[in-house]
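*Asks:* Dropping the structure in here first, questions after.
There are 2 protein chains.
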Amino acid sequence: MVDDARSGRPEITLVRWPEQEATRLALRAEGRPRMLLLNPTTPAPEPGDDLEDWVRIPVAEADLRARVSWLAHRLAIDRPAHRADPDPMIDDDGLFRVGDEWVALPPVEHRLARALLDRIGTVVTRDALARAGWPQGAPGRNALDVHVLRLRRRLAPLSLTIHTVRSRGYLLAVSGPASARASG
Amino acid sequence: MVDDARSGRPEITLVRWPEQEATRLALRAEGRPRMLLLNPTTPAPEPGDDLEDWVRIPVAEADLRARVSWLAHRLAIDRPAHRADPDPMIDDDGLFRVGDEWVALPPVEHRLARALLDRIGTVVTRDALARAGWPQGAPGRNALDVHVLRLRRRLAPLSLTIHTVRSRGYLLAVSGPASARASG
DNA sequence: GTGGACCGTTCACAACCGCGAAACAGGTGC
DNA sequence: GCACCTGTTTCGCGGTTGTGAACGGTCCAC
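Taken in sequence, the protein lines are chains A and B. If you read the first sequence in the working numbering, its first letter stands for residue 1201, the second for the next number, and so on. If you read the second sequence in the working numbering, its first letter stands for residue 1201, the second for the next number, and so on.
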């Protein structure tokens, strides 16, 4: 992939328009940002996706640069919401992955994590968790607490948080900067 | 209300710049979109948030209209996730959700909140609330007041307000629009 | 107007209990 | 043997709930 959210600097291609309409369409198809340089006499195009902007030529070079940098900036602050934060997932080898980061989970925590992940964003009962973690019978009461604690610490580096919902259960959520607060 | 998430068509304000910098800042603070009309000799401003665009004047009216419509279009396809202000709801796990934010409610407050939410926008009598909160008999008189107070504080971060209607009861409502902004 | 009844807000406190967390010990795989 | 996984015990913090009391506002009788 050429453009990349991580790089922070997607390349913005300048496109003469309408002369290079073909180029524009190609870029759009690839999801790459572009700046249209509008022929002096052509009406402005209809709004397309948000990876596109345009400027009427002739234009002062400073203004063109400014507009490109605005577009780049918009992409930089827009992207994270749409694109970043790839969905967390568990593969069958006991690896919990988020994007290109991962942690290995031991058997019990692996089953707990799967149960939580299956219902990510919603509350999972302690009962349900216990059943998921120990299919043929749970050990003592506190075993679950301890394992949740350890799982919590293991997942923290991946920006995942296990919230406690007191007297109800646990809730897995991405602990992004603008996350909600729980009180229990 | 002037700007409105529900309408889907936020008003875009035209702002002369830099003359009306104060207006620009005010609009930004309120999270309202705006189009800067750049003084012919002023360098373009630094990129701000993505509710903003600019055009160098003098400009053909058609081009200005086009640019405004591009900005509007961008908001329409960008915003829905942020702006929608989805209706508050209570799920069965004791979570009170508004959009992607939530708080956990303890049992009593959960029942009170459900009673209030079921009649959101209308008055719920103290009697009805007491019955909802304590199905098999209410405790002391003050208990309800205290729990409403605590529920009030818990719901405030979600932009929800419990209004008192003296000698009648309580009323749940979404609080003013000028709140949730600014976090990004 | 004044005092008082009524109503609602808020704080402080006590009792209860769910859960967090550390420490420890046995088990297992390499 | 060593590192790790697992489960238990134990301690205590902090959230929940209800009560009492102080405070302030509204309305009515006088």
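Heads up, the beta-carbon is just placed ideally off N, CA and C, and yes, glycines get one too.
What first and last residue would you give for the beta strand (DSSP E) that runs through residue 1211 of chain A?
*Replies:* Premise fails: residue 1211 of chain A is in no beta strand (DSSP E) and is neither H nor E.
*Asks:* Are any of the Cβ atoms in chain A nearer than 7 Å to that of residue 1335 of chain B?
*Replies:* So, not an interface residue.
*Asks:* Is the shortest distance between the beta-carbon of residue 1250 of chain B and the beta-carbons of chain A less than 7 Å?
*Replies:* Answer yes: the Cβ-Cβ gap between residue 1250 of chain B and chain A drops below 7 Å somewhere.
*Asks:* For residue 1320 of chain B, does the three-state DSSP call read helix, strand or coil?
*Replies:* Reduced to three states, the DSSP call for residue 1320 of chain B is coil.
*Asks:* Using the beta-carbon of each residue, which ones in chain B are nearer than 9 Å to residue 1318 of chain A?
*Replies:* Residues of chain B passing the Cβ test: none, with the nearest at roughly 15 Å.
*Asks:* Hey, could you find the ends of the beta strand (DSSP E) residue 1297 of chain A is sitting in?
*Replies:* That run of the beta strand (DSSP E) goes 1295-1298.
*Asks:* Return the residue from the list A:1251, A:1231, A:1228, A:1224 that minimises the CA-CA distance to residue 1238 of chain A.
*Replies:* Among A:1251, A:1231, A:1228, A:1224, the Cα nearest to that of residue 1238 of chain A belongs to A:1224.
*Asks:* Straight-line CA distance for residue 1367 of chain B to residue 1247 of chain A?
*Replies:* Those two C-alpha atoms are separated by around 55 Å.
*Asks:* Do the segment 1309-1328 of chain B and the segment 1270-1279 of chain B meet, that is, are 3 or more Cβ pairs less than 8 Å apart?
*Replies:* They do not touch, by the three-pair rule.
*Asks:* Step through the CB atoms of chain A and report whether any lies within less than 7 Å of the CB of residue 1211 of chain B.
*Replies:* No, because no Cβ of chain A sits closer than 7 Å to the Cβ of residue 1211 of chain B.
*Asks:* Excluding the 5 residues flanking residue 1369 of chain A on each side, which residues of the same chain have their C-beta closer than 6 Å to its C-beta?
*Replies:* These residues qualify, in order along the chain: 1323, 1324, 1325, 1326.
*Asks:* Output the distance between the C-alpha atoms of residue 1301 of chain A and residue 1365 of chain B, rounded to the nearest integer angstrom.
*Replies:* Answer to the nearest angstrom: the Cα atoms are 53 Å apart.
*Asks:* Compute the Euclidean distance between the alpha carbons of residue 1245 of chain B and residue 1296 of chain B, then round it to the nearest angstrom.
*Replies:* Approximately 42 Å between the Cα atoms of the pair.
*Asks:* How far does the beta strand (DSSP E) with residue 1237 of chain B in it reach, from first residue to last?
*Replies:* First-last of the beta strand (DSSP E) with residue 1237 of chain B: 1234-1238.
*Asks:* Along the chain, where does the beta strand (DSSP E) that runs through residue 1333 of chain B open and close?
*Replies:* Counting along the chain, residue 1333 of chain B falls outside any beta strand (DSSP E), though it belongs to the alpha helix (DSSP H) covering 1326-1333.
*Asks:* Can you tell me the Cα-Cα spacing of residue 1251 of chain A and residue 1319 of chain A, whole angstroms?
*Replies:* So the two alpha carbons sit approximately 33 Å from each other.
*Asks:* So what does DSSP say about residue 1345 of chain B, is it helix, strand or coil?
*Replies:* Three-state result, residue 1345 of chain B: helix.
*Asks:* Apart from the five residues just before and just after residue 1255 of chain B, which ones in its own chain have a Cβ nearer than 8 Å to its Cβ?
*Replies:* Cβ within range, chain order: 1235, 1236, 1237, 1238, 1263, 1264, 1267.
*Asks:* Please confirm whether residue 1302 of chain A has its beta-carbon closer than 7 Å to some beta-carbon of chain B.
*Replies:* Not one chain B Cβ lies under 7 Å of residue 1302 of chain A.
*Asks:* Since residue 1263 of chain A meets chain B, which of its residues come closer than 8 Å, beta carbon to beta carbon?
*Replies:* Within 8 Å Cβ-Cβ: 1244, 1256.
*Asks:* Within the same chain, show all residues whose beta-carbon is closer than 6 Å to that of residue 1216 of chain A, passing over the 5 residues directly before and after it, in chain order.
*Replies:* Once the five neighbours on either side are set aside, the close Cβ partners of residue 1216 of chain A are 1237.
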